[in-house]
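Beneath this line is the structure, given in structure tokens, with notes to follow.
There are 4 protein chains.
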Amino acid sequence: MPKTRFKIDLNKKMDQQEMPGHNRWHPDIPAVFSADPGESFRMECLDWTDGQIANNDDVSDIKNVNLKRVHVLSGPVHVNGVSPGDLLVVDILDIGTFPEAEWGFNGIFAHENGGGFLTAHFPEAAKSIWEFNGIYASSRHVPGVSFPGLIHPGLIGTAPSHELLNEWNKREKELVDHDPQRVPPYAELPDIDSAVIGNVKGEQFDKIAKEGARTVPPRENGGNCDIKNLTRGSRVYFPVFVEGGKLSVGDLHFSQGDGEISFCGGIEIPGWIDLKVDVIKGGMEKYQIKSNPVFRTSPVEPHFTDYIVFEGVSVNEHSGQQHYLDAHLAYKRACLNAIDYMKTLGYTGEQAYMLLSTAPVEGRVSGIVDIPNACCTVAIPKDIFDKDPFPEK
Amino acid sequence: MPKTRFKIDLNKKMDQQEMPGHNRWHPDIPAVFSADPGESFRMECLDWTDGQIANNDDVSDIKNVNLKRVHVLSGPVHVNGVSPGDLLVVDILDIGTFPEAEWGFNGIFAHENGGGFLTAHFPEAAKSIWEFNGIYASSRHVPGVSFPGLIHPGLIGTAPSHELLNEWNKREKELVDHDPQRVPPYAELPDIDSAVIGNVKGEQFDKIAKEGARTVPPRENGGNCDIKNLTRGSRVYFPVFVEGGKLSVGDLHFSQGDGEISFCGGIEIPGWIDLKVDVIKGGMEKYQIKSNPVFRTSPVEPHFTDYIVFEGVSVNEHSGQQHYLDAHLAYKRACLNAIDYMKTLGYTGEQAYMLLSTAPVEGRVSGIVDIPNACCTVAIPKDIFDKDPFPEK
Amino acid sequence: MPKTRFKIDLNKKMDQQEMPGHNRWHPDIPAVFSADPGESFRMECLDWTDGQIANNDDVSDIKNVNLKRVHVLSGPVHVNGVSPGDLLVVDILDIGTFPEAEWGFNGIFAHENGGGFLTAHFPEAAKSIWEFNGIYASSRHVPGVSFPGLIHPGLIGTAPSHELLNEWNKREKELVDHDPQRVPPYAELPDIDSAVIGNVKGEQFDKIAKEGARTVPPRENGGNCDIKNLTRGSRVYFPVFVEGGKLSVGDLHFSQGDGEISFCGGIEIPGWIDLKVDVIKGGMEKYQIKSNPVFRTSPVEPHFTDYIVFEGVSVNEHSGQQHYLDAHLAYKRACLNAIDYMKTLGYTGEQAYMLLSTAPVEGRVSGIVDIPNACCTVAIPKDIFDKDPFPEK
Amino acid sequence: MPKTRFKIDLNKKMDQQEMPGHNRWHPDIPAVFSADPGESFRMECLDWTDGQIANNDDVSDIKNVNLKRVHVLSGPVHVNGVSPGDLLVVDILDIGTFPEAEWGFNGIFAHENGGGFLTAHFPEAAKSIWEFNGIYASSRHVPGVSFPGLIHPGLIGTAPSHELLNEWNKREKELVDHDPQRVPPYAELPDIDSAVIGNVKGEQFDKIAKEGARTVPPRENGGNCDIKNLTRGSRVYFPVFVEGGKLSVGDLHFSQGDGEISFCGGIEIPGWIDLKVDVIKGGMEKYQIKSNPVFRTSPVEPHFTDYIVFEGVSVNEHSGQQHYLDAHLAYKRACLNAIDYMKTLGYTGEQAYMLLSTAPVEGRVSGIVDIPNACCTVAIPKDIFDKDPFPEK
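Residue numbers (UniProt numbering), protein chains in the order written: chain Z, 1 to 393; chain B, 1 to 393; chain X, 1 to 393; chain W, 1 to 393.
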């Protein structure tokens with residue numbers, strides 16, 4: 001086992017940890033430790049909400065969650081000899097849960113608190129607790145399903161340079177400015193409230209907190225990509241924008257469906273992750289990996305071969321209005337079709353929604369050129385159900 | 001082998017066939033034959049362009065293609081005892097090429113002739129011819145790759161009712177009316193030019209051709225979904241809108257990448273398809289399959305376990321403008337990232353573009369809630385390349 | 001489609017074909033055609049028994065089968081420029097059935113006529129006819145199962161040199177001499193009765209027929225390996241013992257379980273096979289491929305992930321006698337365990353036996369060193385059954 | 001995490017543990033704890049040799065290993081309410097290594113000390129140490145390979161009844177009596193030397209040690225099956241022969257090739273295993289699971305799709321003598337063919353031998369009826385090598 005270089009006390013908030021992490025992106029956040037290329041280490045992580053959600057049947061913690069606190073991250077790690085223009089090569093060696101926390105949560109955020117992909121259909125908060133039996137997850141709140149975990153970090157990324165950070169803040173503010181009162185908002189802008197910036201104090205804290213980008217979206221540095229296939233055994237090639245790369249990680253998921261549609265999220269857990277770092281000098285230019293990370297998949301994903309698949313096209317489900325090649329809408333329709341179908345199997349809409357967000361479902365951009373309709377599909381493995389899910393004569 | 005109920009002469013255009021098919025959707029197009037539930041049959045298909053593209057190195061046929069002719073379909077088939085509200089169950093038993101046509105084409109349409117997903121980057125027409133060696137496809141125009149086919153019908157669907165057809169025509173016209181001069185257009189509206197309506201003649205032809213929906217987009221009836229996983233061995237549950245269901249099929253692909261991003265398209269082929277039909281009476285209501293077909297996957301897809309994966313987020317690649325959860329844009333960025341990378345492996349941009357459109361690449365909606373960025377990924381199997389495609393130190 | 005170089009009339013016996021094949025191994029059997037390295041061609045094949053088995057419910061043809069006639073092979077093919085010491089590289093491009101023969105047979109040979117792996121338990125002849133619906137096989141004689149084909153040639157190989165042929169005949173005669181009257185015999189020795197030797201006549205026929213090795217066993221040249229994974233898309237590296245390699249092929253199976261335990265056999269079919277040949281000069285020495293062919297698997301096998309697995313160890317099922325690391329016995333016990341179990345699902349023993357011989361079951365040498373017991377396993381995919389096959393509380 | 005019910009101190013031998021396990025099979029060995037049906041628990045295990053092998057480059061510990069000490073097992077566990085005739089259902093929830101022991105060993109036993117499958121070819125002792133980087137194993141002693149673990153218990157089983165134990169002892173003694181001086185012996189008979197029998201002392205110890213069956217072979221109770229696919233996520237149905245079932249487990253492997261051909265063995269490790277137990281009352285008769293356990297596979301095995309496969313037939317490699325359907329010999333020839341080939345890639349014979357024993361290679365009984373040759377295959381995944389392992393022109 002690689003040495004634990006970032007340690008967590010599950011009973012403390014991130015800012016109370018002996019070595020606090022952070023929940024904003026900023027080049028000036030000091031590294032928590034340094035590692036050499038070729039080195040492996042373990043980092044422990046809190047769940048993305050900083051421990052706001054409890055293992056019980058009461059939805060109020062989801063309903064009242066403070067989203068300015070997210071995502072509490074472990075890091076950043078300075079990798080020696082890594083400079084802007086390089087590729088930081090990160091092997092995700094292994095990921096696991098803590099023995100004292102063998103459960104995770106999924107939830108639907110209330111519309112007024114951020115909502116989710118289907119907030120127009122499911123505006124109320126909901127919660128499901130998932131318990132782990134070895135490799136399998138199941139939930140007392142979503143009966144009749146069980147599936148092996150595809151454990152992964154929802155969020156992993158390098159630090160932005162000042163220039164890149166400015167670009168993020170500028171472009172996101174321009175978007176928000178289209179409708180600053182929108183609920184949920186178009187984007188989360190820098191906000192000093194609930195910021196955690198390692199051990200930084202005073203003026204420097206205020207500066208970083210005011211400028212630091214929120215961790216919600218994925219961006220050029222990777223970040224909150226929520227890619228379920230970025231699991232143990234995979235290798236990521238990150239663009240490097242600052243000296244040392246400054247790698248951070250968090251938002252671990254025991255499992256997640258493509259799209260993480262309920263927003264909260266996959267099966268959210270604290271846990272540990274073992275990483276090995278390396279560098280390809282000058283790799284950003286050589287391999288033209290500049291806009292986003294590139295990764296290589298793992299040979300140990302759960303494998304399924306029999307799926308029930310739902311299609312969706314880009315026609316508004318309320319108005320019947322035709323949209324132009326809108327894959328977001330097409331995927332929404334596919335998910336709504338899946339939910340309508342699962343209701344005929346006995347699930348509530350909320351259960352089906354949370355199942356799509358947690359189980360290893362495949363969300364695909366199947367057709368993206370057949371004007372005016374995009375066609376997206378969502379594929380659910382048959383074997384997660386305890387009975388045959390297909391239509392019968 | 002099931003009996004061939006729809007026969008094609010490869011040397012004739014669809015309207016010259018002994019039993020002509022059609023290239024518009026309309027409930028009044030007469031069935032070409034009837035089949036009982038439980039019956040299997042073979043249907044032969046022309047390629048989607050009605051034979052406009054030749055196996056040569058001259059791109060002019062792609063450049064000058066008449067897109068009003070597409071997609072020439074085989075059918076419709078009337079299934080006895082099937083009525084609106086039922087589910088038409090279609091088993092795709094097998095699909096194959098003709099011995100005299102063991103090749104297919106892919107192309108990039110010129111911007112002025114419809115373009116494709118990346119038309120802003122690749123506005124010129126291009127063509128690649130793919131030859132089949134048993135289960136494998138390779139191309140003299142895209143060297144260094146070979147992959148097993150994931151053969152499937154790009155287009156399969158039931159006929160719309162009059163009401164549904166009206167809805168299609170209305171919503172698509174409303175979209176076009178936003179910018180009727182747009183190139184490429186927002187949608188293809190009914191057009192009598194180049195219409196093929198079976199053996200229908202005279203006034204009835206004019207009526208159907210004027211009202212008949214173009215076959216370009218996928219819709220409630222299935223249609224041009226371009227789902228690569230709808231391969232031999234899969235089973236589709238179609239909503240039924242007219243008596244007999246009126247099933248039509250065409251646009252066969254030897255292979256296709258998710259999204260079919262070049263528009264033209266997968267590896268486009270004429271060929272044959274063996275189908276078995278059955279019915280679930282009242283299934284639309286019982287299973288809430290109303291908006292789109294549902295399908296079950298096949299156990300014989302090509303399997304890969306090692307992919308190089310490119311991410312993309314919804315930031316405009318030209319302006320740097322931030323878009324809101326735009327999966328179309330995110331998938332575009334992922335594809336552009338893949339193309340930039342493949343150029344470092346020695347491919348031209350056009351070759352890489354056509355490769356993404358033809359090879360069994362997985363296009364996924366990985367994250368769809370992390371405001372303001374959608375995250376899409378495109379995953380290319382390592383084993384299609386004749387050398388290791390990963391970055392090296 | 002590659003050109004058909006070996007054509008079959010399904011209504012004629014092999015020796016009546018325009019271009020007759022052969023059913024003995026001998027270096028002097030003349031090639032039926034020549035091909036260049038890099039060339040592809042189609043060969044058509046009769047079923048291994050030369051058409052002795054009919055699609056009906058009458059077992060008498062299996063019971064009275066003439067096994068001196070097997071296996072009727074297509075070939076041999078002379079590959080230009082290929083010499084002893086080279087490796088003949090054979091790509092199995094594709095394999096298929098004839099439209100007029102979309103069925104195959106499996107059977108249990110009567111004990112007195114060769115028997116099979118479990119002849120002590122199932123001494124009577126039995127027959128099952130399997131019908132093909134596209135990629136799937138099912139049987140009116142073994143209800144409740146359906147599975148995709150893993151089509152392959154049971155037999156493919158190069159010709160032996162005179163020296164190698166002598167070695168075969170010598171070692172097999174020595175084995176038979178231990179108990180020449182044994183039923184079934186220890187080996188099938190050369191026999192002029194029912195020999196087919198291409199167009200060879202007269203003295204030369206007699207010489208070859210008297211010396212020619214029977215085709216029953218796999219040997220250094222490949223031959224009757226009955227390896228289910230040698231399917232379309234795979235590549236074989238054959239040792240070459242004579243000028244031109246002299247490749248022959250036959251005994252096509254639509255599907256087969258590991259071990260082909262009923263002896264007759266997999267799902268036996270006539271059909272066609274598309275091959276591409278090439279050469280690695282001096283490859284036998286360079287790669288030390290001398291004793292048996294080596295092959296590379298295909299990416300398009302049917303894939304399953306959920307199996308019910310039966311174990312067996314090397315203790316005699318009748319006497320309880322302990323044998324020493326006897327994998328043959330251990331596999332027999334595993335198969336018997338599977339059959340006993342399947343009888344509790346409602347199958348007869350004969351049905352279960354034939355199912356193990358036809359379905360894509362995995363037979364593994366799991367442990368081979370744990371004295372005194374070998375441990376073999378036979379794994380049956382869950383998804384071939386139309387109901388859940390696992391034990392229930 | 002389930003509660004740890006059997007704890008190990010890695011610095012102590014099994015008989016010095018606070019709660020000692022056992023290394024003989026006997027119905028009278030007292031249970032170390034009881035569990036209810038439906039209960040989950042963790043058991044820790046020493047490596048099979050009781051810690052005799054060190055992580056160094058000195059082969060002497062392998063050479064001088066005391067094999068009378070093997071296998072030190074954790075257990076037995078008494079499951080409440082479980083009686084002879086029932087099936088004990090065991091879910092293998094998860095398995096892992098200890099942080100302080102992230103390495104394992106493989107070795108070749110010297111001929112005089114038990115040897116292995118290929119002892120006639122590799123009579124000298126050898127050792128390879130494998131280190132774990134997250135899910136991957138690699139070895140400084142076998143360069144150029146790396147593969148994900150398929151972690152599993154080599155040994156898991158229920159206790160025999162007195163009758164069954166007598167039958168084992170009787171049949172194995174009869175075998176040994178054929179040649180009591182044979183090296184290696186035909187079987188390991190009961191031996192009081194180095195026996196570990198929990199906390200049992202005095203006369204009772206002597207009785208159990210004298211009667212207790214050695215743990216080397218797999219038998220009706222499961223035991224040392226060494227089935228690589230019995231991995232985390234799988235479910236086993238064990239026949240029950242004594243009250244409480246008395247389940248024991250040990251001999252954990254990080255990975256193993258089919259056959260575990262080097263005898264020592266897979267990648268041998270200490271570690272922990274999480275099990276859940278349940279019961280099917282009367283299941284032995286109902287499901288005819290009497291001779292050996294039955295199991296269901298896991299959805300999270302490593303997956304490979306491209307293998308290089310070696311065939312072997314039952315002809316003696318030294319004498320050229322023909323054997324009759326001898327799958328043991330055929331698998332040996334396949335393994336020898338693989339080793340000869342890997343030597344052309346630069347491996348020593350010993351390295352190749354140990355690789356076949358440790359990597360996730362598939363050993364199949366491909367053909368078992370084609371008299372007189374059995375055909376076995378050994379398939380090595382391409383992707384474990386750091387370069388292309390296939391023959392080149």
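Heads up, the beta-carbon is just placed ideally off N, CA and C, and yes, glycines get one too.
Reduced DSSP secondary structure (H/G/I, E/B, other) of N221 (chain X): Coil.
Short CB-CB distance (under 8 Å) between F241 (chain W) and chain X: With 8 Å as the cut-off, F241 (chain W) does not count as an interface residue toward chain X.
Nearest residue (CA-CA) to A35 (chain W), options W:N80, W:V70, W:L46, W:G21: When only C-alpha atoms are compared, the closest one is W:N80.
Paired residues, beta bridge with M43 (chain B) - DSSP: Paired residues: B:F6, B:I273.
Selection of the region 297-309 of chain Z by Cβ proximity to chain X, strictly under 9 Å: Hits within the stretch, in order: P302, H303, F304, T305, D306.
Own chain residues within Cβ distance below 7 Å of P20 (chain B), not counting five before or after: If we look at P20 (chain B) and ignore the five residues flanking it on each side, its Cβ neighbours are M14, V196, G198, N199.
Close-in-space but distant-in-sequence residues of the same chain around I368 (chain Z) (CB under 7 Å, 5 per side omitted): Excluding positions up to five away in sequence, the list reads L325, A327, A374.
Beta-carbon proximity check, H141 (chain X) vs S161 (chain X), cutoff 8 Å: No, these two residues do not count as a Cβ contact at 8 Å.
Segment contact, 8 Å Cβ cut-off, at least three pairs: the region 221-234 of chain W with the region 50-63 of chain W: No: fewer than three Cβ pairs fall under 8 Å.
Cβ neighbour criterion (16 or more within 10 Å) applied to F390 (chain B): Around the beta carbon of F390 (chain B), a 10 Å sphere encloses fewer than 16 other beta carbons of the protein chains shown; the residue is thus reported as exposed.
Residue of Z:N106, Z:P27, Z:L355 minimising C-alpha distance to H78 (chain Z): Closest by C-alpha distance to H78 (chain Z), out of Z:N106, Z:P27, Z:L355, is Z:P27.
Exposed unless 16 or more other CB atoms sit within 10 angstroms - verdict on D388 (chain B): Result: exposed.
The beta strand (DSSP E) enclosing F310 (chain X), as first and last residue numbers: Residues 307-313.
The beta strand (DSSP E) enclosing residue 430 (chain W), as first and last residue numbers: The first residue shown for chain W is 1 and the last is 393, placing residue 430 (chain W) beyond what the model contains.
Segments of 4+ residues assigned as alpha helix (DSSP H) that fall wholly inside the region 297-355 of chain Z: If we require 4 residues or more, the alpha helix (DSSP H) runs fully inside the region 297-355 of chain Z come out as 327-344.
Ordered list of beta strand (DSSP E) runs contained in the region 52-116 of chain B, each at least 3 residues: Correct list: 73-79, 87-96, 103-108.
Any C-beta of chain Z under 8 Å from that of I368 (chain B): True, the Cβ-Cβ gap to chain Z drops below 8 Å.
Segment contact, 8 Å Cβ cut-off, at least three pairs: the region 146-166 of chain W with the region 230-249 of chain W: Taking a contact to require three or more Cβ pairs closer than 8 Å, the region 146-166 of chain W and the region 230-249 of chain W qualify as touching.
Beta-carbon proximity check, Q322 (chain W) vs E172 (chain X), cutoff 8 Å: Yes, the Cβ-Cβ distance between Q322 (chain W) and E172 (chain X) is below 8 Å.
Assumed close pair A213 (chain X), P190 (chain X) - CB separation to whole angstroms, cut-off 8 Å: Confirmed, Cβ separation roughly 6 Å.
Within chain X, the residues that D274 (chain B) reaches when beta carbons sit closer than 7 Å: Listed along chain X are G134, each with a C-beta nearer than 7 Å to that of D274 (chain B).
Contact list for P391 (chain Z) against chain B, beta-carbon separation under 7 Å: Under the 7 Å cutoff, chain B gives L87, Y237, I280, G283, Y287.
7 Å CB neighbourhood of A110 (chain Z) in its chain, flanking five on each side removed: Taken in chain order, the residues that qualify are K63, P123, E124, A125.
Chain B within 8 Å of L93 (chain X), Cβ atoms only: Closer than 8 Å: yes.
Where Y186 (chain W) meets chain X, residues with beta-carbon distance less than 8 Å: Chain X residues near Y186 (chain W): Y324, I371, P372.
Chain W contact residues for D9 (chain B), given Cβ-Cβ distances below 9 Å: Within chain W, no residue comes near D9 (chain B); the closest Cβ sits about 39 Å away, beyond 9 Å.
Spatially closest choice to E317 (chain X) from W:G51, W:F147, W:R219, W:N106, by CA coordinates: Of W:G51, W:F147, W:R219, W:N106, the residue nearest in Cα terms is W:R219.
Residues bridged to L155 (chain Z) (per DSSP): L155 (chain Z) is bridged to Z:G250.
Bridge-paired residues (DSSP) for D193 (chain B): The partner list for D193 (chain B) (beta bridge, DSSP) is empty, contrary to what the question assumes.
When Z:F41, Z:T119, Z:W103 are compared against V90 (chain Z), the one with the closest alpha-carbon: With distances taken between Cα atoms, V90 (chain Z) lies closest to Z:F41.
E39 (chain Z) to L87 (chain Z) span [Cα, whole Å]: One C-alpha to the other measures close to 16 Å.
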